[in-house]
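This report concerns only the one structure given below.
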Amino acid sequence: MRVEKVIEVGPSDPGKYPIPKARLTLEFLRDFVHLRARTNTISAVARIRDELAYGTHTFFRENGFRYVHTPIITTSDCEGAGEMFQVTTLFSDAEKMEKELQENPPPSESEIEAAKEVVEDKGNTIKDLKAAKASKELIKASVSELTKAKETLLKLEERFNLKGGIPQKEGKIDYSHDFFGRQAFLTVSGQLQVETYACALGNVYTFGPTFRAEHSHTSRHLAEFWMVEPEIAFANLEDDMNYAEKYVRFLCKWLLEHCLEDMEFMVKNYDKTAIDRLKLVSSSPFERISYTKAVNLLRGVTDKQFENKVEWGIDLASEHERYLTEVIFKKPVIVYNYPKGIKAFYMRLNDDNRTVAAMDVLVPKVGELIGGSQREERLDVILERLLWCFIEYL
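First residue of the sequence shown? That's 0 in numbering that gives the first Met the number 0, and the numbers climb one at a time after it.
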């Protein structure tokens, strides 16, 4: 770069500069989007996230998976995986219509009647010309005038029938006027689409943004986040658990090898045990226990009073998951064979007819990190389960 002229603006006034040298909260930084990436914390998080994303693609590529891009806008709610943000043009269309009607008011009834009279007069003129056996040129010219009059009337009637507001039909919003002709949403999961690719391509995965509209403002409930969703062809629950464990351990090792400086910053400022946990997870096999055993272990706990009661048949709460990983086993735990009543209908029913081939990977300080299952491949079984789901819904 060759500089021809330098203008000295002067020093920044420290009293007015929005980012002081003092320690700042992450909440404070939300108000300064253009400056927050310059802070040590946000820049470190950005580099860590970048490495995790690159490591994710590296892992799946090395293990024979194909990357599939699934739709962000969808008409499916993916078995009710979460509250959805709706995508619609109805509101913007309604605003445009109201503005249009204000700037160019629709014609009055008298204008419509006058236009109808013109059409009628033009029609009568043609009848008179034909009766008088006028020339073809004269009749053709009159037909052309009638056509124009009809077009003018049609346009006036269309504008006369225009109405502002959201279109409705039988007291409900009429989505046939929407962009897609029906309701559409931001995706909560790419699972349904990527499953079809697994049947055609073999092992595949999708890694992209997903959206949840739950009114729960916690660190575990984000409006927008990126989710990795692999689909493994012709696999059982053991394969699912093996890939999940291998993936988590791969990423932990990846961070230690490619992002150690940023992880040391996190240890110094936010989490004293972060690197120790990464080393533990990357170097030791995960504990694997059945849901039934996990419940029995938790029910036997005497040194802690859980806020949520532990009993067979309920979904484990975050406090239960963390106790298993942080106190009982002191490392990641994979819990498998959950009760069928708390899992999706498509998960493979086990021989006990009480549990399904589902698993969750639980890690210290977080709880559930990965959820997965073996799909039900027996048509008669899944049809029966679907029937029971339908009956319960009714």
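Quick reminder that beta carbons are idealized off the backbone N, C-alpha and C, glycines included.
Among the options, nearest to residue i - alpha-carbon criterion
i: F328; options: P284, G340, E310 and F305; result: P284
i: N235; options: E375, E50 and E263; result: E375
i: R353; options: E230, K339 and I390; result: K339
i: L152; options: R1, P105 and I6; result: P105
i: F210; options: I47, Q85, D351 and E367; result: Q85
i: K139; options: I125, A131 and L378; result: I125
i: Q304; options: W311, A130, H319 and K129; result: H319
i: V355; options: K292, K364 and K342; result: K342
i: Y345; options: C77, V32 and K4; result: C77
i: L348; options: D359, D379, I369 and P331; result: D379
i: V332; options: D302, Y290, I313 and D350; result: Y290
i: R158; options: L185, V142, C258 and E102; result: E102
i: N62; options: Y246, S281 and A222; result: Y246
i: G312; options: R298, K20, Y337 and L185; result: Y337
i: R219; options: K364, V326, L200 and L25; result: K364
i: R321; options: E310, F31 and A293; result: A293
i: A357; options: D351, C251 and Q373; result: Q373
i: V326; options: D351, V300, D314 and E306; result: V300
i: K95; options: L161, Y16, T57 and S134; result: L161
Within 8 Å, strictly: CB atoms of residue i and residue j
i: V187; j: A148; result: no
i: K230; j: A197; result: As written in the sequence, residue 230 is Glu, which differs from the Lys given in the question. Yes, the Cβ-Cβ distance between E230 and A197 is below 8 Å.
i: P208; j: I41; result: no
i: M226; j: Y335; result: no
i: A232; j: E82; result: no
i: E156; j: I111; result: yes
i: T38; j: L51; result: no
i: G371; j: S317; result: no
i: L296; j: K278; result: no
i: G163; j: L100; result: yes
i: L361; j: L323; result: yes
i: E224; j: A43; result: The sequence shown places Phe at residue 224, rather than the Glu named in the question. Not closer than 8 Å, so no.
i: I422; j: L34; result: Because the chain in this structure spans residues 0 to 393, residue 422 falls outside the shown range and cannot be described.
i: G54; j: L250; result: yes
i: K121; j: S141; result: yes
i: L145; j: L137; result: no
i: G201; j: T69; result: no
Secondary structure of residue i, DSSP reduced to three states
i: L323; result: helix
i: Y66; result: strand
i: R46; result: helix
i: A232; result: coil
i: R347; result: coil
i: S281; result: helix
i: T38; result: coil
i: F84; result: coil
i: R276; result: helix
i: D379; result: helix
i: T354; result: strand
i: V227; result: strand
i: L361; result: strand
i: T74; result: coil
i: A113; result: helix
i: V332; result: strand
i: V118; result: helix
i: E94; result: helix
i: L315; result: coil
i: E286; result: strand
i: L368; result: strand
i: V32; result: helix
i: I172; result: strand
i: V203; result: strand
i: Y16; result: coil
Cβ neighbours of residue i in the same chain (closer than 6 Å, five flanking residues each side left out)
i: I274; result: M262 and V266
i: F59; result: Y204
i: V67; result: V193, Y196, V203 and T205
i: K271; result: none
i: E244; result: F285
Contact set for residue i: own chain, Cβ-Cβ below 7 Å, skip 5 residues either direction
i: H214; result: none
i: F64; result: N202, V203, Y204 and P229
Identified DSSP bridge partners for residue i
i: W253; result: Note: W253 sits in no beta bridge, so no partner.
i: T209; result: F224
i: L185; result: I72
Cβ-based neighbour list, residue i, same chain, cut-off 8 Å, excluding 5 preceding and 5 following
i: D177; result: T87, T88, L89 and A183
i: I381; result: F344, Y345 and E375
i: E3; result: none
Min CB distance residue i to chain C below 8 Å
i: Y246; result: This model lacks chain C altogether; it includes just one protein chain.
Residue i beta carbon near the ligand GTP (any heavy atom closer than 7 Å)
i: M346; result: What this structure holds is no ligand at all, so the ligand GTP is not there to describe.
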